[in-house]
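Visitor: Quick note on numbering: the sequence shown equals residues 1 to 195 in UniProt numbering.
Input: one structure, supplied below.
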Amino acid sequence: MKKLIIFFLLTALILPIFFVRADEIEDITKELETLKKDLSSKEANYQELTTRLNQIKNQVSQLEIEIVEKENQVKKGEQALAYQKNLLNERSKSYYKNIQQSSLTLLSMLVADNLSDSFCKFSYQRSLVNEDKNTIIKVVLYIKNLEEIKASLTTEKNQLTYVKQEVDPQSKVLSSQISQTRSKIAQLSTRQQQL
């Protein structure tokens, strides 16, 4: 009888421990399954993000190359700008000088003895005025275009800097989340094996 009582007491003490451990193992197993699903979805997202990040990095590299090319164009344009400004100054002086002569030529044409010579001089002065005017317009448009390219280049540089700053942290955050999930899975697996 003593043996039977001892057997029941031992069974009563050991059996709950076994059930508690079984429940704990079951809870850990469920949590492991949940974490593994979470990890697989995060890894899939990470792969997709990595692919997109690589595409973005390639685009960023292309943009950097284009920006360097545009910077070179702007430098060449600024070098040509000095010449264009000198040309603009000369043509402006010539334009105003020829306009004044053109009006004088018109008056002299009206009072001149030889109308055909006067008309030729007037036409010549008029063509000089038009040529100067067209050259001035071209130089002004060139300067305006150069300024637009500079503004565009500055905007592109700012956008490129922003993209670079945004791309890397996103990748690092997701990578750290994956590392944390893997670490937790390893801890739970170790705990499960201990039980």
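For each residue, glycine too, the CB sits at the ideal point set by N, CA and C.
Owing to the predicted nature of the structure, the values given are computational and were not obtained by experimental measurement.
Consider the Cβ of ALA82: report whether some Cβ of chain C lies at a distance smaller than 8 Å.
Guide: Looking for chain C here will not work: only one protein chain is present.
Visitor: Assuming contact is defined by CB atoms lying nearer than 8 Å, are LEU81 and ILE149 in contact in what I supplied?
Guide: Going by C-beta atoms, LEU81 is not nearer than 8 Å to ILE149.
Visitor: Could you have a look at ASN58 and say whether DSSP puts it in helix, strand or coil?
Guide: DSSP places ASN58 in helix when its eight states are reduced to three.
Visitor: Taking 8 Å as the limit between beta carbons, can you name the residues of its chain near GLU43, skipping five residues before and five after?
Guide: ILE178.
Visitor: In three-state DSSP terms, what is THR72?
Guide: Checking the sequence, you will find Asn at residue 72 rather than Thr. Note: ASN72 maps to helix in three-state DSSP.
Visitor: Do the CB positions of VAL167 and ILE56 come within less than 8 Å of each other?
Guide: Yes, these two residues count as a Cβ contact at 8 Å.
Visitor: Quick check: the stretch 62-75 against the stretch 152-171, are there 3 or more CB pairs under 8 Å?
Guide: In short, these stretches touch, since the Cβ pair count reaches three.
Visitor: As a quick exercise: from SER171, LYS2, GLN187, PHE122, pick the residue whose alpha carbon is nearest that of THR51.
Guide: The candidate whose alpha carbon is nearest that of THR51 is SER171.
Visitor: Any idea if LYS3 is buried or exposed, counting beta-carbon neighbours within 10 angstroms, 16 or more meaning buried?
Guide: With fewer than 16 Cβ atoms within 10 Å of its Cβ, LYS3 is classed as exposed.
Visitor: Taking the beta carbon of VAL140 as the centre, do at least 16 other beta carbons fall within 10 Å, making it buried, or is it exposed?
Guide: Looking at its Cβ environment, which holds fewer than 16 other Cβ atoms inside 10 Å, VAL140 is exposed.
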